[in-house]
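See below for the structure under consideration.
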Amino acid sequence: MNTYDSLSRIQSDIDSGKIDCVGLVNHYLSNINKNKHLNALTAVYADDALSTAATVQQKIKDGTAGRLAGMVFTIKDVYCHEGHELQCGSKILEGFESQFTATCVQRLLDEDAILIGRNNCDEFAMGSSNENSVFGPTINGSGENRVPGGSSGGSAVAVQADMCLVSIGSDTGGSVRQPAAYCGIVGFKPNYGRISRHGLSAYASSFDCVGILAHSIDDTALTLEIMAGADEYDTTVSHTNVPSYSKKTEWNGNAKIACFDNTLSHEGIDEEIKVATSHAYDKLQDLGHSVDHLGFDYLDHVLPTYYILTTAEASTNLSRYDGVRYGYRTDNAHDLESMYKKSRSEGFGDEVKKRILLGTYVLSEGFYDAYFTKAQKVRRLIRDETKKIFDNHDFIVLPTAPTTAFELNSHNRDPLEMYLEDIFTVQASLAGLPAISLPNGKDKNGMPIGIQVIANTFEEEKLLSFSKYLVDHVLAK
Ligand code: GLN
Numbered sequence: 410m411n412t413y414d415s416l417s418r419i420q421s422d423i424d425s426g427k428i429d430c431v432g433l434v435n436h437y438l439s440n441i442n443k444n445k446h447l448n449a450l451t452a453v454y455a456d457d458a459l460s461t462a463a464t465v466q467q468k469i470k471d472g473t474a475g476r477l478a479g480m481v482f483t484i485k486d487v488y489c490h491e492g493h494e495l496q497c498g499s500k501i502l503e504g505f506e507s508q509f510t511a512t513c514v515q516r517l518l519d520e521d522a523i524l525i526g527r528n529n530c531d532e533f534a535m536g537s538s539n540e541n542s543v544f545g546p547t548i549n550g551s552g553e554n555r556v557p558g559g560s561s562g563g564s565a566v567a568v569q570a571d572m573c574l575v576s577i578g579s580d581t582g583g584s585v586r587q588p589a590a591y592c593g594i595v596g597f598k599p600n601y602g603r604i605s606r607h608g609l610s611a612y613a614s615s616f617d618c619v620g621i622l623a624h625s626i627d628d629t630a631l632t633l634e635i636m637a638g639a640d641e642y643d644t645t646v647s648h649t650n651v652p653s654y655s656k657k658t659e660w661n662g663n664a665k666i667a668c669f670d671n672t673l674s675h676e677g678i679d680e681e682i683k684v685a686t687s688h689a690y691d692k693l694q695d696l697g698h699s700v701d702h703l704g705f706d707y708l709d710h711v712l713p714t715y716y717i718l719t720t721a722e723a724s725t726n727l728s729r730y731d732g733v734r735y736g737y738r739t740d741n742a743h744d745l746e747s748m749y750k751k752s753r754s755e756g757f758g759d760e761v762k763k764r765i766l767l768g769t770y771v772l773s774e775g776f777y778d779a780y781f782t783k784a785q786k787v788r789r790l791i792r793d794e795t796k797k798i799f800d801n802h803d804f805i806v807l808p809t810a811p812t813t814a815f816e817l818n819s820h821n822r823d824p825l826e827m828y829l830e831d832i833f834t835v836q837a838s839l840a841g842l843p844a845i846s847l848p849n850g851k852d853k854n855g856m857p858i859g860i861q862v863i864a865n866t867f868e869e870e871k872l873l874s875f876s877k878y879l880v881d882h883v884l885a886k
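The sequence shown runs contiguously to residue 886 in the numbering used here.
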């Protein structure tokens, strides 16, 4: 069986009778089985996927199949799927089953996509390496002992190792883009409010975005088109018309690119990432595009701002896990208060507890203005400063992450080292803008390098058409 990297190839092989949906699902199931050691999935829905495949195959025969017939996908363990377990990589949700299905997942199912499994991730999507999961770490398929990035690490590896065609991750501060970069695939975060968050477990509600991990821009565009748009269950979703992303026109004309010199001169950046990114800038210029070297004065402020605001939002969002309403409850409590305390202390992992404490602190009386209010103001400055760049430019292009996939357990001792992995991704998250990570070659150890493109508000269509151009004409394979 072929390894497929696009839905159009799958659909044309189905049409010509080379494969059928059941054979396709069996192909992915066998890859899932072969790659168990990567620990990318926390649940495999083999029977359901096979029976859905038979139904979809019949619909194809009858000419009634949806637009995603032949797409086999997985979801990160932060999405509700009725009647299925949802744990957010945490002990605190042990035994919890969803009572409804997330809007984005339901829309894919309604178009006959086939759901094959649930992906491992950092607990409550907090992390950059997939090492903070109650299910244990996911391993990068590109190299023994390397992390896949996080928090959607399981999703990235599932696509990378051909266990599914597309995976739905979530991106609060880079959790789709950074693992995509580490695993050599495409990772896309839409504009905040483009896709409904109904059924996505909340981490930081003013940042959280449904994101897509895939091999191709075309699959990313079609998946976005199906999931995007107004939803009565999420009032933050934009009611603006959803363009036909899948019919995006080919990029032509010269683009005006902005890049930040202080990203490439940043002390934590790998030399090979610097070189690969500079090559892309040179190639763009050779092809007639303009590349303006700017500085971004707020680069050193993006991480503190992001971590103050997201921990504050997380501390309130996660207060609902109290041992009463969901999942895990301690066995050794003697009154209501000790039940709350022990359930939360035993149920949450260390990183999540640290962030709840930090978030509670920055929201507490006496510190609220000094931290939370100030960070809100800085967020606005970062957003305004970023938006200003788009007055004269089409895109911002910068590395996705300062390093390639690092070794397991290598960032444990210094949490700041881990947070630094997000330095280039959180800007788009703070500003709510659409952004994508594309593969841009490999380092000398064979670890993939990612490059990131950020576009102006709701300009996903333009971003996707330029991304396709970059993949075809500019970036290293
Ligand atoms: N690594 C970042 C964090 O830990 C981003 C996580 C995310 O986007 N969910 O917060």
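Every residue gets a Cβ at the ideal spot worked out from N, C-alpha and C, and that includes glycine.
The alpha carbon of Ala639 has as its nearest neighbour, out of Ser605, Asp617, Asp823 and Leu633, the alpha carbon of Ser605. Nearest in C-alpha terms to Lys683, of all of Lys468, Thr672 and Lys692, is Thr672. Nearest to Gln515 by alpha-carbon distance, out of Phe482, Thr834, Gln467 and Ser724, is Phe482. Membership of Arg788 in the alpha helix (DSSP H) is indicated by the continuous run Lys783 to Asn801. When distances are taken from the beta-carbon of Ser614 to the heavy atoms of the ligand GLN, even the shortest one reaches 6 Å or more. Nearest Cα to His710 within the set Arg792, Gln508 and Val465: Arg792. DSSP places Glu680 in the helix class (H, G or I) of the three-state scheme. Nearest Cα to Ser655 within the set Ile635, Tyr642, Leu631 and Asp670: Leu631.
Residue state for Gln861 is assigned as strand, using DSSP reduced to three classes. One alpha carbon belongs to His882, the other to Thr834, and they sit about 24 Å apart.
Boundaries for Cys592: no beta strand (DSSP E) harbours it, while the alpha helix (DSSP H) harbouring it runs Arg586 to Cys592, taken from the DSSP string. Leaving aside the five residues that flank Leu839 on each side, the residues in its chain whose CB is nearer than 7 Å to its CB run, in chain order, Val711, Thr714, Tyr715, Arg788, Ile791 and Arg792. Annotation for Ala885 indicates a beta carbon at 6 Å or more from all heavy atoms of the ligand GLN. Separation of the CB atoms of Phe804 and Val733 is rounded to 48 Å, and the pair is thereby denied contact status at 8 Å. The straight-line gap separating the alpha-carbon atoms of Asp580 and Thr720 is approximately 15 Å. For Leu839, the secondary structure class from DSSP, reduced to helix, strand or coil, is helix. For Asn818, the number of other beta carbons within 10 angstroms of its own is below 16, and it is reported as exposed. Around the beta carbon of Pro843, 16 or more other beta carbons lie within 10 angstroms, which makes this residue buried. Proximity to Asp486 across Arg476, Thr782, Asn539 and Leu807 peaks at Asn539, based on C-alpha coordinates.
Out of Gly562, Cys513, Arg738 and Ala522, the CA that lies nearest to the CA of Glu755 is found in Arg738. Judged by DSSP in its simplified three-state form, His702 adopts strand. Using a C-beta cut-off of 8 Å, the segment 548 to 559 makes no contact with the segment 452 to 464, since fewer than three inter-stretch Cβ pairs fall below that distance. Distances from the alpha-carbon of Ser752 to those of Val434, Arg729 and Tyr770 put Arg729 closest. Nearest Cα to Leu703 within the set Leu807, Ser561 and Ser876: Leu807.
Per DSSP, Asp643 lies in no alpha helix (DSSP H) and is assigned neither H nor E. Residue state for Leu622 is assigned as strand, using DSSP reduced to three classes. The continuous alpha helix (DSSP H) containing Ala721 extends over residues Leu708 to Asn726. In the displayed model, Thr813 falls within coil according to three-state DSSP, outside both helix and strand. Under the three-state reduction of DSSP, Phe669 is assigned to strand. The nearest non-hydrogen atom of the ligand GLN is 6 Å or more from the C-beta of Thr812. In the three-state reduction of the DSSP assignment, Asp580 falls in the strand class, which pools E and B. Our two residues, Ala511 and Gly562, have alpha carbons roughly 20 Å apart in a direct line.
Contact between Asn440 and Asp571 holds: CB atoms are separated by about 5 Å, below the 8 Å threshold.
Residue pairing for Thr483: DSSP places it in a beta bridge opposite Gly526 and Ser576. Note that the C-beta distance between Ala590 and Ala810 is below 7 Å. Taking the Cβ of Ala534 as the reference point, at least one heavy atom of the ligand GLN falls within a distance shorter than 6 Å.
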